[in-house]
DNA sequence: GCTGAACCGGAGGGTGCCTCCGCTCGACCG
DNA sequence: CGGTCGAGCGGAGGCACCCTCCGGTTCAGC
């Protein structure tokens, strides 16, 4: 289907890429509620152009994340390779938390996408994280370091909560650390 | 100090009370990001009037909560009286979570107030919850059902996280239940 | 080069935030 | 009870943002 579509016009492609690049900067700095108009301005295009390429905030966001997701995949492989199985799940969840927390305000929409039945732009990003988490959870269970009644879905929810708490508190606060410790003891089988 | 100030003019008092009442409805229905202009409109006053009584969103919110806080205090007394010490802390934290979750979006500002050094309008609301939580935590420790390294501050953070997760998911989702179980096992000493 | 379809960008209507200022009306005094 | 004056009112207005629509422009294939 997609293969039968003719390729994008060169100027359209350029604008689209530029918009995603500028959006990435803005979202990193201002969080996901950053002004779309400002992104268009900075990219030197009109608002109409932005809205044609990305009909709503979420599709633009999904595109930004799609690019960034390579980083998370790399982290996943690194964790699987280098971290001892006893701490692998912890390490992975930390990565997920850090990834989510990169963009202030992302945790909300992400949890929404985790729940939503119909596929949203953010859905695929979520699905990937869920698969990896299931993998790590299975490993941990086999090694006897994760409780049996905890699900990957729950764990992602926990990571999102922590990311939320961390980016809600004033920067530099250790508020999330206590909660993280409590959560760890709650899903691990060995403490 | 406050006692030397002359009492409010009757019309001002009336407007102020009306605004708080209308705001309460709106915030309950729409969450804390509800439109302040709409509140003013519904109360039949101009925006200027609203902003003189409540210079920013947070002071209006704090006033709404101050009224509602009686409910939480009642819950606190009921829990202290009726619930067995083994489950008292759990019961109290559930109440806190429910209370916070009543107003969609409240968890963020509340956590902020929990951290802030200088007193914000929401600060006193927080302080009250913190005191009660410390009390219940101390009881639980004495009864041997709470881990020693958990702080009341951490627990409030956890309640806020759960409230956040609960009101972020589409209504009726059980997403928060898993996280709540994990957290409970994390702070309790007996499971 | 020509042509038409794809694409552009900005004007504009709607909403919300917050401020400022001229007028009103309630409180108190004589 | 009537007058005064200042607290209080409310709406106009400036600003930012969201999103849509459409007349003009530019690319791509012939």
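Chains as they are written, first to last, in my numbering: chain A, 1 to 191; chain B, 1001 to 1191.
Ideal Cβ placement from N, Cα and C applies to all residues, glycine included.
In angstroms with no decimal places, state the Cα-to-Cα distance between residue i and residue j.
i	j	result
residue 9/A	residue 15/A	10 Å
residue 148/A	residue 1027/B	40 Å
residue 85/A	residue 96/A	17 Å
residue 150/A	residue 142/A	13 Å
residue 1146/B	residue 1189/B	5 Å
residue 1159/B	residue 1089/B	12 Å
residue 45/A	residue 1029/B	38 Å
residue 1162/B	residue 1168/B	10 Å
residue 106/A	residue 32/A	6 Å
residue 35/A	residue 1123/B	30 Å
residue 1111/B	residue 1135/B	20 Å
residue 1087/B	residue 1164/B	23 Å
residue 104/A	residue 25/A	13 Å
residue 1173/B	residue 1094/B	17 Å
residue 1077/B	residue 1070/B	11 Å
residue 39/A	residue 1011/B	46 Å
residue 166/A	residue 1109/B	13 Å
residue 1139/B	residue 1080/B	10 Å
residue 37/A	residue 1056/B	25 Å
residue 1170/B	residue 171/A	29 Å
residue 66/A	residue 1007/B	59 Å
residue 1001/B	residue 130/A	Confidence at residue 1001/B is low in this model, with a pLDDT of 46, below 50, so the placement of that residue should be treated as unreliable; the coordinate-derived value is given next. So the two alpha carbons sit approximately 58 Å from each other.
residue 5/A	residue 1051/B	54 Å
residue 13/A	residue 128/A	26 Å
residue 1202/B	residue 175/A	One cannot answer for residue 1202/B here, as it falls past the ends of chain B, which runs 1001 to 1191.
Since residue i and residue j are thought to touch, with beta carbons under 8 Å apart, how far apart are those beta carbons, to the nearest angstrom?
i	j	result
residue 1183/B	residue 183/A	6 Å
residue 1072/B	residue 1099/B	5 Å
residue 101/A	residue 60/A	At roughly 20 Å, the Cβ-Cβ gap does not stay under 8 Å, so residue 101/A and residue 60/A are not in contact.
residue 1121/B	residue 1058/B	5 Å
residue 49/A	residue 92/A	Not really, about 39 Å apart at Cβ, beyond 8 Å.
residue 125/A	residue 75/A	About 14 Å; that fails the 8 Å criterion.
residue 1186/B	residue 186/A	3 Å
residue 1083/B	residue 1020/B	Not a contact, Cβ separation roughly 32 Å.
Where does residue i fall in DSSP's three states?
i	result
residue 1009/B	coil
residue 189/A	coil
residue 107/A	helix
residue 1100/B	helix
residue 1117/B	coil
residue 39/A	helix
residue 1055/B	coil
residue 67/A	helix
residue 49/A	helix
residue 1085/B	helix
residue 44/A	coil
residue 1112/B	helix
residue 122/A	coil
residue 1003/B	Since pLDDT at residue 1003/B reaches only 47, below the 50 mark, its modelled position is unreliable, and no value is offered.
For the ligand ADP, is there any heavy atom lying closer than 7 Å to the beta carbon of residue i?
i	result
residue 82/A	In the structure on display, the ligand ADP does not appear, and there are no ligands present to speak of.
*Assess, as a yes-or-no matter, whether the segment 1178-1191 of chain B is touched by the segment 139-157 of chain A under the definition of 3 or more beta carbon pairs within less than 8 Å.*
These segments touch.
*Please go through the segment 128-187 of chain A and give each complete alpha helix (DSSP H) segment of 4 or more residues, from N-terminal end onward.*
Runs of the alpha helix (DSSP H) inside the segment 128-187 of chain A: 152-168 and 175-187.
*Can at least three beta-carbon pairs, one atom from the segment 37-44 of chain A and one from the segment 112-127 of chain A, be found at a separation below 8 Å?*
no
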